[in-house]
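Residue numbers are given in the working numbering: position 392 of the first sequence equals residue 406, and the series is strictly consecutive.
C-beta atoms are modelled at their ideal positions from N, C-alpha and C, and glycine is treated no differently.
In what follows, a structure is listed as structure tokens, so that the remarks can point back to it.
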Amino acid sequence: MSENENKSSNFIHNIIDKDIESGKYGGEVYTRFPPEPNGYLHIGHAKSICLNFTTAEKYGGRCNLRYDDTNPVKEDVEYVDSIEEDIKWLGFSWDKKLWASDYFPKMYEAAVELIKKGEAYVCDLSADEIRETRGTLKEPGKESPYRNRTVEENMQLFKEMKAGKYKDGEKVLRAKIDMASPNINMRDPVIYRIAHVEHHNTGSEWCIYPMYDFAHPLEDAIEGITHSICTLEFEDHRPLYDWSLDQLGWWDPQPQQIEFARLNITNTVMSKRLLKGLVDDGSVEGWDDPRMPTIAGLRRRGYTPEAIRDFCERIGVAKANSTVEMALLEHCVREDLQSRVASRNVVFDPIKVVITNYPEDKTEELAMENNRNVPEMGGRTVPFSRELYVDGADFMEVPVKKYFRLFPGNEVRFKGAYFIKCEEVVKNDDGTIKELRCTYDPATKSGEGGEGRKVKGTIHWVDAASAVAIKVREYGYLMVEDEQGEERLNPDSVKEMTCYAEPLISEAKGGDRFQFFRHGYYIADSKLSTDTEKVFNSIIGLKSSFKIKK
RNA sequence: UGGGGUAUCGCCAAGUGGUAAGGCAAUGGAUUCUGAUUCCAUCAUGCGCAGGUUCGAAUCCUGCUACCCUAGCCA
Numbered sequence: 015m016s017e018n019e020n021k022s023s024n025f026i027h028n029i030i031d032k033d034i035e036s037g038k039y040g041g042e043v044y045t046r047f048p049p050e051p052n053g054y055l056h057i058g059h060a061k062s063i064c065l066n067f068t069t070a071e072k073y074g075g076r077c078n079l080r081y082d083d084t085n086p087v088k089e090d091v092e093y094v095d096s097i098e099e100d101i102k103w104l105g106f107s108w109d110k111k112l113w114a115s116d117y118f119p120k121m122y123e124a125a126v127e128l129i130k131k132g133e134a135y136v137c138d139l140s141a142d143e144i145r146e147t148r149g150t151l152k153e154p155g156k157e158s159p160y161r162n163r164t165v166e167e168n169m170q171l172f173k174e175m176k177a178g179k180y181k182d183g184e185k186v187l188r189a190k191i192d193m194a195s196p197n198i199n200m201r202d203p204v205i206y207r208i209a210h211v212e213h214h215n216t217g218s219e220w221c222i223y224p225m226y227d228f229a230h231p232l233e234d235a236i237e238g239i240t241h242s243i244c245t246l247e248f249e250d251h252r253p254l255y256d257w258s259l260d261q262l263g264w265w266d267p268q269p270q271q272i273e274f275a276r277l278n279i280t281n282t283v284m285s286k287r288l289l290k291g292l293v294d295d296g297s298v299e300g301w302d303d304p305r306m307p308t309i310a311g312l313r314r315r316g317y318t319p320e321a322i323r324d325f326c327e328r329i330g331v332a333k334a335n336s337t338v339e340m341a342l343l344e345h346c347v348r349e350d351l352q353s354r355v356a357s358r359n360v361v362f363d364p365i366k367v368v369i370t371n372y373p374e375d376k377t378e379e380l381a382m383e384n385n386r387n388v389p390e391m392g393g394r395t396v397p398f399s400r401e402l403y404v405d406g407a408d409f410m411e412v413p414v415k416k417y418f419r420l421f422p423g424n425e426v427r428f429k430g431a432y433f434i435k436c437e438e439v440v441k442n443d444d445g446t447i448k449e450l451r452c453t454y455d456p457a458t459k460s461g462e463g464g465e466g467r468k469v470k471g472t473i474h475w476v477d478a479a480s481a482v483a484i485k486v487r488e489y490g491y492l493m494v495e496d497e498q499g500e501e502r503l504n505p506d507s508v509k510e511m512t513c514y515a516e517p518l519i520s521e522a523k524g525g526d527r528f529q530f531f532r533h534g535y536y537i538a539d540s541k542l543s544t545d546t547e548k549v550f551n552s553i554i555g556l557k558s559s560f561k562i563k564k
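See the structure below:
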């Protein structure tokens, strides 16, 4: 991979360039990827991961992996292994692996500091009451009756909160800012809540937990993060981010939050809620179901980390909401795979072909290159004999115009073998095709000259006697929208079929990728393959194929 | 606009007052024992709209319009 040189710049780089020029952070660039461990990472996270890690890389800086585990009721350590695996698989290494929960003491100290400065107070209002007094988008809120408690009283109450004297929801700590602020986030936001819940990291040490808006700036500042990159919906929270740090005045310089637009891809569900729902109700095999847009799903489907990184590079980073076409991701995989993958003959929807003038007891081993564009990948041999299978799409009894594959009376090149002419179509009683009776021209053997005649089409085939049955799974869109605009599972999102492949395919190991002649790219699914039957997941089809025009 | 954002080709996206990069998609053509790949060519007198400033505007000013975010003790 060509590193650095032609990496496009974006508005975040422009901000960093200015910071470097002004010396704001002494030329340092320190970023972080802060997932909440409440689900698997998806392609949208990949954009954020690439952005944070490559930005640090570009400037010779560092990037931390930090779990944003400030809400024990929603989080689960079961996800951390997958998160780390996915980041590593994408090819990134973090500077430090950290847990926001390790900063709970420092955050508590910060809250105490705010109380002492009269900038925070303990509020006894219920969640409902807080909502009711917050005002609306157009009307200011009302001040809490507890807003003017003394510093001493607040200190006492907050200590009691920490000591576990109160039940969940009984009290909260609020920042004392401005109930009339046009920005609702500044209307005395809750910064600490009570939750008598076991925390995976701190156990039962704490029963009060900081809210994201208060915790996140502290986490960044503690780690010395310079540029805290997050998505657009946090734009309105930035004043609170800055307020928290400004009030404390503990750090100089302070990190700055920069927002960018999250990734959307056409026909792709990116909502964690929906994805988790599909996993929980058994609609998919799990978070790594090949139909899922999770990194684990894409991996199992056969996408490469290089392709995903290339995709993230190409989509750019900006603040405009956008939806990238799936075709771009597909282009990236195709481009990556075409030079690293060997081709194998697999026929879908097989039709039997009998070469009537070929000896019944003869079998030839014909040479075939693994990848025509990459000679270093060498070649292989495949058996050829009197009975073969061809792809259902490569024969038309009544050809449409410009169809140049097999049809009665037409002659085509069998890839790596001979010119074959279809002489007769033999049918079953029910009218379906039983077999094609064909003849071959011995003078046209592949690689042995005989360039006299030309033929328009080349099709692939497998030897019937040695063919291996494999299962092929092809994927469509996971979700569709119904009349009500509700997203629901697409019943046709997976199609499984049995196909015939050349014998060598039986040596495929889980994770091996191939190009199936004329069908596209496929990966051997180690999770579903057995010794007797291999399952191949489709990654992506070829760029274009013959389309029948009406 | 309560407030905060964003508008440049079908989809992304550069551009930061000097006369519209690039990629994907699409379309034509060349080569091809994969209708793939590769290769060449075409693809915004135009930058949400309307005015204004300027020798010169996607870039500055004014006024509109559309869409997104925001009223969790989630992140």
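Spatial neighbours of residue i in its chain, beta-carbon cut-off 6 Å, leaving aside the 5 residues before and after
i, result
"glutamate 157", "Met193"
"isoleucine 239", "Tyr44, Arg46 and Pro269"
"phenylalanine 67", "Cys77 and Phe106"
"asparagine 442", "Lys448"
"alanine 9", "With the chain covering 15 to 564 only, the question about residue 9 has no answer from this structure."
"glycine 430", "Leu380, Met382 and Ser460"
"valine 469", "Glu425, Val426, Arg427 and Phe433"
"glycine 555", "Gly534"
"asparagine 18", "Any reading at asparagine 18 must be qualified, since the residue scores a pLDDT of 34, below 50, and its modelled position is unreliable; no value is offered."
Bounding residues of the beta strand (DSSP E) (the contiguous stretch that carries residue i)
i, result
"glutamate 488", "482-489"
"cysteine 64", "Looking at the DSSP string, cysteine 64 is not in any beta strand (DSSP E); the run it does join, the alpha helix (DSSP H), is 57-72."
"phenylalanine 528", "527-530"
"glutamate 378", "377-383"
"histidine 230", "It is not in any beta strand (DSSP E) - histidine 230 instead sits in the alpha helix (DSSP H) that spans 226-237."
"aspartate 2", "Beyond the ends of the chain as shown, which are 15 and 564, falls residue 2; an answer cannot be given."
C-beta atoms of residue i and residue j nearer than 8 Å
i, j, result
"leucine 342", "isoleucine 57", "no"
"proline 517", "serine 543", "no"
"methionine 121", "proline 224", "yes"
"glutamate 320", "aspartate 350", "yes"
"glycine 149", "arginine 207", "no"
"valine 404", "glycine 471", "no"
"aspartate 303", "glycine 316", "no"
"glutamate 212", "leucine 246", "no"
"valine 347", "isoleucine 553", "yes"
"tryptophan 103", "arginine 313", "yes"
"alanine 235", "phenylalanine 172", "no"
Endpoints, alpha helix (DSSP H) assigned at residue i
i, result
"cysteine 326", "319-329"
"methionine 169", "165-177"
"lysine 32", "25-36"
"threonine 147", "141-147"
"lysine 120", "118-130"
"histidine 345", "340-351"
"arginine 46", "Here arginine 46 belongs to no alpha helix (DSSP H); instead the beta strand (DSSP E) covers 44-47."
"leucine 262", "252-262"
"arginine 287", "286-294"
"arginine 313", "309-315"
"aspartate 95", "94-104"
Pick from the options that is closest to residue i, judged by C-alpha positions
i, options, result
"methionine 169", "Tyr73, Ser552 and Lys130", "Lys130"
"glutamate 237", "Lys111, Lys88 and Gly393", "Lys111"
"lysine 179", "Lys459, Tyr81, His210 and Glu166", "His210"
"threonine 337", "Ala515, Ile279 and Glu174", "Ile279"
"lysine 40", "Asp266, Arg527 and Lys181", "The amino acid at residue 40 is misidentified as lysine; the sequence shows glycine. The shortest C-alpha separation from glycine 40 is found at Asp266."
"valine 361", "Asp408, Pro373 and Pro397", "Asp408"
"glutamate 123", "Gly155, Ala522 and Leu262", "Leu262"
"glutamate 411", "Gly445, Glu167 and Gly300", "Gly445"
"tyrosine 417", "Glu174, Glu374, Ile473 and Val440", "Ile473"
Cut-off 8 Å between Cβ atoms - residues of its own chain near residue i, not counting five sequence neighbours on either side
i, result
"proline 456", "Tyr432"
"serine 353", "Asn385, Asn387 and Val388"
"glycine 392", "Glu383 and Asn384"
"threonine 84", "Ala114, Ser115, Tyr223, Pro224, Met225, Tyr226 and Ala229"
"asparagine 215", "Asp83, Trp113, Ser115 and Asp116"
"glycine 524", "Ala538, Asp539, Ser540, Lys541 and Ser543"
Spatial neighbours of residue i in its chain, beta-carbon cut-off 7 Å, leaving aside the 5 residues before and after
i, result
"asparagine 52", "Lys88, Glu89, Asp90 and Tyr93"
"lysine 290", "Gly53"
"isoleucine 34", "Gly41"
"glycine 406", "Phe362, Asp363, Pro364 and Ile365"
Note to self: Assess contact between the segment 320-334 and the segment 501-508, defined as three or more Cβ pairs (one per stretch) separated by less than 8 Å. Is contact present?
What the structure shows: no
Checklist line | the segment 109-125 contacting the segment 211-230, beta-carbon criterion three pairs below 8 Å | finding: Taking 8 Å as the limit for Cβ pairs, the verdict is that the segment 211-230 does touch the segment 109-125.
Check: Does the segment 471-488 touch the segment 519-539, meaning 3 or more C-beta pairs lie closer than 8 Å?
Finding: yes
Item checked: Stretch pair the segment 138-149 + the segment 168-188: three plus CB contacts closer than 8 Å -> Look at the beta carbons and you see the segment 138-149 touching the segment 168-188: at least three pairs across the two are nearer than 8 Å.
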